[in-house]
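Novice:
Dropping the structure here:
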């Protein structure tokens, strides 16, 4: 399984939204694009998917932008990655029993299934809030200290 650019950028954008957005202050895509170094046009596509999945809400107008539809600690990475990448299927035979004629005797299918479950479990254990907090710590750690 390889996470595509859409998945990587989408996750970074959602972390940005969790970090800089509040329930009464939506975040502009242009601001996310600048902070993350991602094309605004590409973010429009990504946020369209996230909006249709119910993870973000779009507000129109001069004070418009995007908000999370739930608290960041209630959104898992598995939800975000599944919206942007699809379900975590390492090989076709795990979900499609017609994909391989050796389906009943193949032991590797069990391993692929177990690995997919472990990846899903790990992604379900991580929330958007936990990553936003880690990002804030890294950002603050990298900032220079000024003393007077």
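In our numbering, the protein residues as written are 5 to 152. For each residue, glycine too, the CB sits at the ideal point set by N, CA and C.
1. Measure the C-alpha to C-alpha separation of residue 67 and residue 45 and round it to an integer number of angstroms.
2. Just list the alpha helix (DSSP H) runs in the stretch 51-118, keeping only unbroken ones of 4 residues or longer that don't cross its boundaries, in chain order.
3. Three Cβ pairs or more, each shorter than 8 Å: is that satisfied between the stretch 98-118 and the stretch 59-76?
4. Nearest CA to the CA of residue 131: which residue from 87, 140, 109 and 81?
5. Under 7 Å between the Cβ atoms of residue 87 and residue 57?
6. Work out the CA separation of residue 21 and residue 136 for me, nearest whole Å.
7. Quick one: is residue 83 buried, meaning 16 or more other Cβ sit within 10 Å of its Cβ, or exposed?
8. By the 10 Å Cβ neighbour count, where 16 or more other Cβ atoms means buried, how is residue 18 classified, buried or exposed?
9. Under a Cβ-count criterion, where at least 16 other Cβ atoms within 10 Å of its own Cβ denotes burial, should residue 63 be classed as buried or exposed?
10. Please report how far the alpha carbon of residue 138 lies from the alpha carbon of residue 40, in whole angstroms.
11. So residue 89 and residue 36 are supposed to be a Cβ contact under 8 Å. How far apart are they, rounded?
12. Measuring alpha carbon to alpha carbon, tell me which of 76, 15 and 13 ends up nearest residue 27.
13. Roughly how far, in whole angstroms, is the beta-carbon of residue 11 from the beta-carbon of residue 85, given that I think they are within contact range, below 8 Å?
14. Suppose the cutoff is 7 Å on Cβ atoms and the five residues either side in sequence are ignored; what does the same chain contact list for residue 96 look like?
Specialist: Taking the definition as stated:
1. Take the alpha-carbon of residue 67 and the one of residue 45: they are about 19 Å apart.
2. Within the stretch 51-118, the complete alpha helix (DSSP H) runs of at least 4 residues are 81-89.
3. Taking a cut-off of 8 Å for Cβ pairs, the stretch 98-118 and the stretch 59-76 do not touch, as fewer than three such pairs fall below it.
4. Nearest C-alpha to residue 131: 81.
5. Their beta carbons are under 7 Å apart, which means residue 87 touches residue 57 by this criterion.
6. Separation of residue 136 and residue 21 (C-alpha to C-alpha, rounded to the nearest whole angstrom) is 9 Å.
7. So residue 83 ends up on the buried side.
8. In summary, residue 18 is buried, with 16 or more beta-carbon neighbours lying within 10 Å of its beta-carbon over all protein chains present.
9. A residue is called buried when at least 16 other Cβ atoms come within 10 angstroms of its Cβ; residue 63 does not meet this threshold and is exposed.
10. One alpha carbon belongs to residue 138, the other to residue 40, and they sit about 16 Å apart.
11. 19 Å between Cβ atoms; not a contact.
12. It is 76 whose Cα lies nearest to the Cα of residue 27.
13. Correct: roughly 6 Å between the Cβ atoms.
14. Same-chain partners within the cutoff: 103.
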